[in-house]
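Offset between the sequence shown (1-based) and our numbering: plus 867. In this text, a Cβ means the ideal position worked out from N, Cα and C, and glycines have one as well. I have placed the structure first, in the form of structure tokens, so that the comments after it can refer back to it.
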Amino acid sequence: MLLSVMNFLRAAILASLPVIAGCITKDEAAKGIAAMQGSGARPEVMPGMVNEKSPFKYPPELYAQRVQGNVTLRIFIDTVGTVRADSTSVETSSGYPGLDSAAIKGSEQLHFTPAMTGGRPIAVSILQPVYFRHPDAPPLPSDSARMRRNRPRGG
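Pasting the structure below:
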């Protein structure tokens, strides 16, 4: 039982990994887990993203202005691992409609291995964070913990 719970938690965290950049925070992982628990389904195996490249495209006009933001999407993944576009919604807005729209549009190209319970695929709803970061813009306040974790140590 403990192993099953640990596998569930590990899979939930992996399924919530960001597509654009960086690692997710513990709070973001907890939101993803809470979303799964709220759906009523407790899969033994979480869906796994199979995209090799990010489907999320930075809107050119916002990129030129160095606008950055985080979008959290609620996506519904069916029993074959397809994201149902008509069920995708913005759970947490970036504050920029262009970034939110780009996240929704990109989510249509996401592909997953399906969640599984009892050896059978099941449909699930998860939270998917999407980070839009400009390489020449300063980090956002929410990036500081991520950056400290990823900074090389030493002189």
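Asked: Taking 7 Å as the cut-off, decide whether the C-beta atoms of I944 and V991 are in contact.; Found: yes
Asked: So P927 is in the alpha helix (DSSP H); what residue range does that whole segment cover?; Found: 927 to 931
Asked: Please classify P1006: is it buried, with 16 or more other beta-carbons within 10 angstroms of its beta-carbon, or exposed?; Found: exposed
Asked: Under the DSSP definition of a beta bridge, which residues are partnered with R987?; Found: T984
Asked: State yes or no: is the C-beta of P910 within less than 7 Å of the C-beta of I993?; Found: no
Asked: Buried or exposed: where does D953 fall if 16 or more other Cβ atoms within 10 Å of its Cβ makes it buried?; Found: exposed
Asked: DSSP beta-bridge partners for S968?; Found: BP columns for S968 are empty, so no partner.
Asked: Here's the rule I'm using: 16 or more other beta-carbon atoms within 10 Å means buried, otherwise exposed. How should G905 be labelled?; Found: Because the pLDDT of G905 is 46, which lies under 50, any placement of that residue in the model is unreliable, and the question is left without a value.
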